[in-house]
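In what follows, a structure is listed as C-alpha cells, so that the remarks can point back to it.
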Amino acid sequence: MTVLSGAGISAESGVPTFRDVETGLWSKVDPYEISSTQGWQRHPEKVWAWYLWRHYLMQGVQPNDGHRAVAAWEDHAEVHVVTQNVDNLHERAGSQRVYHLHGSLFEFRCDRCQDEYQGELPDMPEPVETETPQCRCGGLIRPNVVWFGEALPESAWQKSVDAVGNADVVIVVGTSSIVYPAAGLPELALANGIPVIEVNPEPTPLSNAATATVREPAAVALPTLLQRLPSILS
Ligand code: BJW
Ligand code: ZN
32 MTVLSGAGIS AESGVPTFRD VETGLWSKVD PYEISSTQGW QRHPEKVWAW YLWRHYLMQG
92 VQPNDGHRAV AAWEDHAEVH VVTQNVDNLH ERAGSQRVYH LHGSLFEFRC DRCQDEYQGE
152 LPDMPEPVET ETPQCRCGGL IRPNVVWFGE ALPESAWQKS VDAVGNADVV IVVGTSSIVY
212 PAAGLPELAL ANGIPVIEVN PEPTPLSNAA TATVREPAAV ALPTLLQRLP SILS
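Residue numbers (the working numbering): 32 to 265.
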C-alpha cells in the first residue's frame, strides 16, 4: 500500500495548507516570490523570514489521527509514504518508509557548495525580514526544500515511483493534485491498473479519474479507512 500525502494531512495538526482559499499560505504571499529560485535570488531576507517562521510553527505541532492511522497500517501491510510535506509528522507518528519529494524544513544547506548547515536557528514567531547566515564559501544558508523550477531529490523520486508502481492500492490524501511531478504519481498508478483512493474534503483535478473518493478530512477518514477499503473498492 502506498500513501501520497499533501498539506491537507497536516492541516488538523495546525500546519496551514498552501491553496485553501481563506486559510492557505498563498492567500497572503505570492508563491513564485516566496517559493522559487528567482524569489530567493531577488530577496533572500524575505524568503528566509518566511521559512524560519514556518520552521518555528512546525516545531510546535504534533501528528494527528491521520498521521497515526497511516503509521498503524504498518501492522497489517507494507506501507510506503510518499509525502510532499516538509514537516516530519509522518516520521513522528511512527511511519518507517517516508520519501520526501519536496525536501525537509528540518534541514538547511548552503545554496552554493550544498554543505549541510548545523548552526543555531533563531525562533521566528512572526516572519520578520532578517539576514540569512553565510557559509564559509560565501554562499547563503537556505532550507533544504524544493522550490518551483528545481528538480526533486533523485533518490526520493525513484523510491516513490517504485512504491507507486508496486502498490496494490494508492491512497492520495490532502493534496490539491496540481503540482507536478508529484501529481503525476496517481496518474501512473491508474495507468498501471492500480486503484487510487482520494481522501480530500474538496474536489481536485484527480477526483474524476480516481477509483473512489472519500470526501472527509484526513483525521476523520484515515482511522477507519483500512476496514472500509473492501466496500470502497467493491
Ligand atoms: C484536506 C484537509 C484535511 C484541507 N484533510 N485534506 C506542467 C507539467 C509539469 C510541471 C509543470 C507544469 N507547469 C509548471 C510545472 C512546474 C511546477 C508545477 O508543477 N507547477 C504547477 C503549480 C503548475 N513544478 C515544479 O517546478 C517542480 N519541479 C520540476 O518540475 O522540476 C523540473 C526540473 C527538472 C530538472 C531540472 C530543473 C527542473 C517542483 C515543485 C516544488 C513545489 N514546492 C512547494 C514548496 C515546498 C517547500 C515548502 O513547503 O514551502 O511544495 S509548492 C507547494 O505545493 C509545496 C507543496 O508540497 C506543493 C503541493 O501542495 P499540496 O500539498 O497539494 O497543498 P495544497 O495547499 O495545494 O492543497 C491542500 C489540499 O488539502 C486541498 O486540496 C484541500 O482541499 C485539502 N485539505 N484540509 C484532507 N483536513
Ligand atoms: Zn557553502
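Glycine included, C-beta positions come from ideal geometry on N, C-alpha and C.
Contact under 8 Å by Cβ, Val204 with Ala249
yes
From what residue to what residue does the alpha helix (DSSP H) around Tyr63 run?
Pro62 to Ile65
For Arg173, is the beta carbon positioned less than 7 Å from some heavy atom of ligand 2?
no
Neighbourhood of Gln165 by C-beta distance below 8 Å, restricted to the same chain and skipping five residues each side
Leu171 and Ile172
Taking the Cβ atom as the reference point for each residue, do Ser126 and Val110 lie within a distance shorter than 8 Å?
yes
Tell me whether the beta-carbon of His98 lies closer than 8 Å to the beta-carbon of Leu83.
no
Does the beta carbon of Tyr63 fall short of 7 Å from some heavy atom of ligand 1?
no
For a test of your reading of the model: does the CB of Gly150 fall under 7 Å from any non-hydrogen atom of ligand 2? Yes or no.
no
Rank Arg73, Gln93, Trp81 and Asn175 by C-alpha distance to the C-alpha of Ser41 and give the top, closest one.
Gln93
Count the other CB atoms, across all protein chains shown, that sit within 10 Å of the CB of Tyr211; report buried if there are 16 or more and exposed otherwise.
exposed
Determine the contact status of Ser26 and Phe139, defining contact as a CB-CB distance below 8 Å.
With the chain represented from 32 up to 265, any question about residue 26 goes unanswered, as that position is not in the structure.
From this set, Leu132, Phe137 and Val34, which residue's C-alpha is nearest Ala182's C-alpha?
Leu132
Unbroken alpha helix (DSSP H) run spanning Gly91, endpoints
Note, Gly91: premise wrong, no alpha helix (DSSP H); not H, not E.
Span of the beta strand (DSSP E), counted from its first residue to its last, around Ser134
Just to set this straight, residue 134 is Gly in the shown sequence, not Ser. Gly134 -> beta strand (DSSP E) spans Gly134 to Cys141.
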